[in-house]
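Residue numbering for the sequence shown follows our numbering, beginning at 15 and increasing consecutively.
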Amino acid sequence: MESLRSGDLPEIGGYRLLARLGEGGMGEVFLARTSSGRPLALKTVHRELSLEPDFADRFAREIRTNDRVRSPWTVSVVDFSAPGVLPQWLATEYVAAPSLGDWVRQYGPLPEPALSCLARELSAALVAVRAVGVVHRDIKPANVLLGPERPFLIDFGIARAVRDPRHTQTGAVIGTPGFLAPEQAVGAVAEAPADVF
């Protein structure tokens, strides 16, 4: 977590921004607070992406996908921007926990008992994701939060509904290098087994 930068908005969608949680290819994530004091993770979209012709549909699909995957291992959608509002944003519940990637960088590999427990919990998370017909397509340490009671699988930004061909372009490599299943690396359609790879 880092302080807000001088160019950051103080508020988005009626939510007060408190700090920066991260940044990626799609946008930035902020720690925000509701008027009643509830903390949220508020993801904004880079302006240049928002202006792409098909982006509004892609972002709406991300919101629907996030909202469909309701389980103990995912964060809930709280609110989102109306189509055409800039910046586009998505607010989810906030989990005050390090990512698996941050944990490993700071403390090293998880001990075997913790690793086995994490594997069981993430397997249950993937079963829940698949049960609603979704393939995450970007399982990596940065997208796993180590919550106090269980892990959380986050960031369904490139997830695909299994029956939604619009979300997959054959030949397009989708995912994070180093964490791609072989079929993703060659631009083939990634099905549920890719999330386990």
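C-beta atoms are modelled at their ideal positions from N, C-alpha and C, and glycine is treated no differently.
The count of Cβ pairs closer than 8 Å, one atom from the stretch 153-169 and one from the stretch 109-119, reaches three, so the stretches are in contact. Under the DSSP assignment, E205 falls outside any beta strand (DSSP E); it carries neither an H nor an E label. Excluding residues up to 5 positions away in sequence, G41 lie with their Cβ nearer than 6 Å to the Cβ of H60 in the same chain. With contacts defined by Cβ atoms closer than 8 Å, P155 and V118 form a contacting pair.
In the three-state reduction of the DSSP assignment, T58 falls in the strand class. By alpha-carbon distance to R84, the top candidate from L100, W103, V146 and A74 is V146. With a threshold of 16 other beta carbon atoms within 10 Å, Y108 meets it and is buried. Going by beta carbons, F44 and L56 fall inside the 8 Å limit.
Unbroken alpha helix (DSSP H) stretches of 4 residues or longer found wholly inside the stretch 66-102: 69-82, given in chain order.
Per DSSP, G41 is one residue of the beta strand (DSSP E) stretching across G41 to R47. Within a 10 Å sphere around the beta-carbon of A105 sit 16 or more other beta-carbons, which makes this residue buried. When DSSP reads this structure, S113 sits in a beta bridge with L159. According to DSSP, residue pairing for R30 in a beta bridge involves E25 and R47. Pairing V141 with H150 gives a Cβ-Cβ distance that is not under 8 Å.
Secondary structure note for L167: its beta strand (DSSP E) is the uninterrupted segment P165 to L167. One thing to note: I77 has its Cβ within 8 Å of the Cβ of V91.
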